[in-house]
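Undergrad:
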DNA sequence: GCGGATTCGATAATTTTTTATCGATAAAAT
DNA sequence: ATTTTATCGATAAAAAATTATCGAATCCGC
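Protein chains in written order, with the working numbering: chain A, 769 to 986; chain B, 769 to 986.
#1: For a quick check, are the C-beta atoms of residue 881(A) and residue 843(A) less than 7 Å apart?
#2: Please confirm whether residue 790(B) and residue 847(B) have their CB atoms less than 7 Å apart.
#3: Just the C-alpha distance for residue 769(A) and residue 951(B), rounded to the nearest angstrom, thanks.
#4: Taking only beta-carbon atoms, is residue 961(A) less than 7 Å away from chain B?
#5: Should the segment 829 to 844 of chain A be regarded as contacting the segment 802 to 809 of chain A, the criterion being three or more beta carbon pairs within less than 8 Å?
#6: Does any C-beta atom of chain B lie closer than 7 Å to the C-beta of residue 981(A)?
#7: Can you list the alpha helix (DSSP H) stretches of 4 or more residues lying completely in the segment 850 to 915 of chain B, in chain order?
#8: Taking the alpha helix (DSSP H) that residue 783(B) belongs to, which residues open and close that run?
#9: Between residue 932(B) and residue 821(A), what straight-line distance do the alpha-carbon atoms span, to the nearest angstrom?
#10: Since residue 1000(B) and residue 863(B) should fall inside the 8 Å C-beta cutoff, what is the C-beta to C-beta distance between them, to a whole number of angstroms?
#11: Which partner residues does residue 962(A) have in the DSSP bridge list?
#12: Tell me the rounded alpha-carbon separation between residue 954(A) and residue 966(A).
#13: Label residue 937(A) either buried or exposed according to how many other C-beta atoms from any shown protein chain fall within 10 Å of its C-beta, with 16 as the threshold for buried.
#14: How is residue 976(A) classed by DSSP in three states: helix, strand or coil?
#15: Take residue 906(A) and list the residues in its own chain whose beta-carbon comes closer than 8 Å to its own, dropping the five residues that flank it on each side.
#16: For residue 909(B), which residues from the same chain have a beta carbon less than 8 Å from its beta carbon, with the 5 sequence-adjacent residues on both sides left out?
#17: Using C-beta distances below 6 Å, list every residue in its chain close to residue 934(A), excluding the 5 sequence neighbours before and after it, in chain order.
#18: Looking at the strands, I want to know which residues DSSP matches up with residue 924(B).
#19: Just the chain B side, please: which residues come within less than 7 Å of residue 791(A) by C-beta, in chain order?
#20: By the 9 Å beta-carbon criterion, what residues does the segment 855 to 875 of chain A contribute toward chain B?
#21: Measure from the C-beta of residue 965(A) to each C-beta in chain B and report whether the shortest distance is under 7 Å.
#22: So residue 942(B) packs on residue 915(B), CB below 8 Å; how close in whole Å?
#23: Comparing C-alpha positions only, which one of 884(A), 851(A), 963(A) and 977(A) sits nearest to residue 785(A)?
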């Protein structure tokens, strides 16, 4: 098959760092640099050079060269391929309030392989409008339309109270992965992937680090 | 001092899970339940019971009781105290475009101990307006005002290209922690905390999990 | 071409995080 | 009162992730 390596042995931690490498490499590419060393990446991104080498070798097709490092363009292509940035996955967005609208307007998703094909909202005033070029449909058509569009990814950007219901409808429509921006734990079957965008958790980590820094100073 | 335990020996992973426990516990409290067991929490949140016990014992003042579990109200108070949810930290928001507006309108932050006291934007059309009850000031007053307000936390919600400049200004004004929503790596001194809200990374992890699930099915 | 500097990949050591095991304890049931 | 049962905390084991070490490779300046 040729690419047995692909899905195997790439840790979640590594996957989480790949987008940062990707951005970094694109900067280097734009700056006209042909190669880059793990040492340099590690220094700039505040990581360990061995870790960078390991991460990259897990997904790179070509090995790095002694004294030169890795070929920037090749690495970008490798990450593109590995993360699926080069072929779009369809998704639906549920909830076009403040956050939902922001997400709909974020054109960057296309670069990450995500294509939002429809939006939904329970508020009749929002139904029929267009946000970020995406049409808004009534919430009660969710499951039916998702099924018809054959969409596998759902983005949940509704208020806390509504999130579980939305998740249920998405799953009823055949969605297999849910990106959850609502601050609740969603209850879903085993075979559904959920990724919580937990702002509270991020904030907790940030403020603990802040506390540490302030503490270490006096 | 009495609380030597506080900042010690609580791993970042644990801190990241605390907000989820907090939400869960509040649901239980609202449902009128007085105690809850690590087993139940683990089951509902899809975690390991030993891990839950360890996490909780790292921050709880009272031990859990055999056969009953932990006191819900006490635990909530403990997490509140530990994460600083009970005393507000001031922050400024930079950038009130789509995402910034959404963040400004998110009232939930107050519950997480975050109080946004001012917003900034480079667009003159936005300056002077109010978003989510927060006044928008011109970007060139950033450093000065941050210093005067004595704010330690900055939220960056500007386009990629502007983010580094904003970070520099925030730091010049005395900010010590930056919550970065722009898809770039920020270059900051050692003694500044940065937490990237990396949507691309989340999405990468979600879609890899989706791929695994789909793969394991056929 | 030759020698030095730099980086790589592989392997090993360390650290951190997660999970398993088990005796002790206290509530609930008999 | 005694037994049963669910749960805890402590300790140990396992797994995962990070970091260190080192010989080999190859580019670059001379």
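For glycine and all other residues, C-beta sits at the position ideal for the given N, C-alpha and C.
TA: Result, derived from the coordinates:
#1: The answer is no: Cβ separation not under 7 Å.
#2: yes
#3: With a pLDDT of only 40 at residue 769(A), under the threshold of 50, the placement of this residue in the model should not be trusted, and no figure is reported.
#4: So yes, residue 961(A) belongs to the interface.
#5: Result yes; three or more Cβ-Cβ pairs closer than 8 Å.
#6: yes
#7: 866 to 873
#8: Element bounds for residue 783(B): 780 to 798.
#9: Taking the straight line from one Cα to the other gives about 26 Å.
#10: This structure gives no information on residue 1000(B), because the portion of chain B shown stretches from 769 to 986.
#11: 946(A)
#12: Going by the C-alpha atoms only, they are around 12 Å apart.
#13: Answer is buried; the Cβ neighbour count reaches 16.
#14: helix
#15: 888, 889, 890, 892 and 895
#16: 888
#17: So the qualifying residues of the chain are 862, 924 and 926.
#18: 862(B) and 948(B)
#19: 951, 952 and 953
#20: 857, 865, 866, 867, 868, 869, 870, 871, 872, 873 and 874
#21: yes
#22: 5 Å
#23: 851(A)
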